[in-house]
Amino acid sequence: MFWPVAISFNNLLTRFQRFQQDASKIERIRQEMPRVLHAICDAKQKKRLIVLERTGTALDAIILELMS
């Protein structure tokens, strides 16, 4: 009787940990978006190439494409 409860609790804990990781990734992207947007607007206004550092997030694919 103990094992089914332990297994369910372990599954719940694993899902919660994944949720926390995903939430952290989303928060990091949310923090980086204004910086990326500012760089794009600045480059457009000054008619220059976009120069951005990688963020370590999913935004990097967009950044690389914009800088190519």
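Going by our numbering, the letters in the sequence shown line up with residues 1069 to 1136, in that order.
C-beta: ideal position from N, C-alpha, C; glycine also.
Rounded C-alpha distance that separates residue i from residue j
i, j, result
"Leu1117", "Ile1094", "27 Å"
"Trp1071", "Gln1089", "27 Å"
"Ala1091", "Leu1132", "24 Å"
"Met1135", "Met1069", "59 Å"
"Glu1100", "Ile1075", "38 Å"
"Thr1082", "Ala1129", "29 Å"
"Lys1115", "Leu1105", "15 Å"
"Pro1102", "Asn1078", "38 Å"
"Gln1085", "Gln1113", "43 Å"
Cβ-based burial, residue i [other Cβ within 10 Å; buried from 16]
i, result
"Thr1125", "buried"
"Leu1080", "exposed"
"Leu1120", "buried"
For residue j and residue i, believed in contact at Cβ under 8 Å, the rounded distance
i, j, result
"Leu1127", "Ile1108", "Actually they are not in contact, since the Cβ atoms of Leu1127 and Ile1108 sit about 11 Å apart, beyond 8 Å."
Beta carbon proximity, residue i to chain C, threshold 8 Å
i, result
"Arg1116", "In the displayed structure, chain C is absent; only one protein chain is listed."
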